[in-house]
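Visitor:
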Amino acid sequence: IYQDSALVTQLSIARNLFLGREPIKPPRFLNRMDQDAMNTVARDLLKQVGISKNIPPTTPIGSLSGGERQAVAIARAMHFDSDLIILDEPTNNLGVAETQGVLSFVRSARDSGHSCIFIAHNIHHVFQVVDRIVVMRRGKVVADDIDPKKTSVAEVERIITGMSDKEIRDAIADGKPSH
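The sequence shown runs contiguously to residue 897 in our numbering.
#1: Do Arg787 and Pro775 have their C-beta atoms within less than 7 Å of each other?
#2: Check whether the stretch 748–756 touches the stretch 814–826, counting contact only when three or more Cβ pairs, one atom from each stretch, lie closer than 8 Å.
#3: With three or more C-beta pairs closer than 8 Å as the rule, is the stretch 722–738 touching the stretch 782–800?
#4: Can you grab the Cα-Cα spacing for the pair Arg750 / Pro744, in whole Å?
#5: Tell me Val789's beta-bridge partners as DSSP assigns them.
#6: Look up Phe798 in the DSSP assignment and say whether it is helix, strand or coil.
#7: Exposed or buried, which one is Phe747 when buried takes at least 16 other CB atoms within 10 Å?
#8: Taking Cβ positions, are Cys834 and Ile803 nearer each other than 7 Å?
#9: Going along the chain, which unbroken runs of the alpha helix (DSSP H) with 4 or more residues stay wholly within the stretch 852–882?
#10: Between the alpha carbons of Asp801 and Leu782, how many angstroms are there, rounded?
#11: Gly831 to Gly784, Cα distance in whole Å?
#12: So, Val767 versus Phe823, is the Cβ gap smaller than 7 Å?
#13: Quick check on DSSP: helix, strand or coil for Pro895?
As structure tokens, then:
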């Protein structure tokens, strides 16, 4: 799931959920999409991800908020039973309420047995949803298997920046980072 969610803004929620995997009405050789089936499944998925607040599945994606769009992208991955959901900056450019909604959806996906890779620069978002942290710097893994329940945000920030306690204090005192 990309930062800008790869959804077609002109199409409905239901059409976006099934894009490329549309159910077909019998007889199959006529190749007619089963809109009713898509709408029924979409309605259920919207409830699962918490955006069912009277938003019909026929609503165009373009009229949804950023958080609601992310929820649709996550619902699509969950519906098609993706074993692994990769989220690249899913909270980027979202408001506070939308961000909390997306984080809730990520927890829901994780708790329902989906493996998630959550790529983010906001360490506080990371700590809210992950079971394990891996830190990369310049394309290389510098720390693996960090348990957020046993590690502080400050410790992870030190690993991310590669700065020692003294360097961090000096940078704060000088008002600028040393790296």
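The C-beta atom is built at its ideal place from N, Cα and C for all residues, glycine as well. Quick caveat, the model's predicted, so the values are computed rather than measured.
Guide: According to the structure data:
#1: Judged by their CB atoms, Arg787 and Pro775 are not nearer to each other than the 7 Å cut-off.
#2: No, the stretch 748–756 does not touch the stretch 814–826.
#3: Contact between the stretch 782–800 and the stretch 722–738 is present, because at least three Cβ pairs lie under 8 Å.
#4: Looking at the two C-alpha atoms, the distance is approximately 8 Å.
#5: In the sequence as presented, Val is not what sits at residue 789; that position holds Ala. Its beta-bridge partners do not exist; DSSP assigns none.
#6: Three-state DSSP puts Phe798 in coil, outside helix and strand.
#7: Exposed, because fewer than 16 other Cβ atoms sit within 10 Å of the Cβ of Phe747.
#8: In this structure, Cys834 sits near Ile803, with a CB-CB distance shorter than 7 Å.
#9: Within the stretch 852–882, the complete alpha helix (DSSP H) runs of at least 4 residues are 871–879.
#10: When rounded, the distance between both Cα atoms is 27 Å.
#11: Rounded to the nearest angstrom, the two C-alpha atoms are 25 Å apart.
#12: Result yes, Cβ atoms of Val767 and Phe823 sit closer than 7 Å.
#13: Because the pLDDT at Pro895 is just 48, under 50, the model does not fix this residue reliably, and the value given afterwards should be weighed accordingly. Coil at Pro895, not helix or strand.
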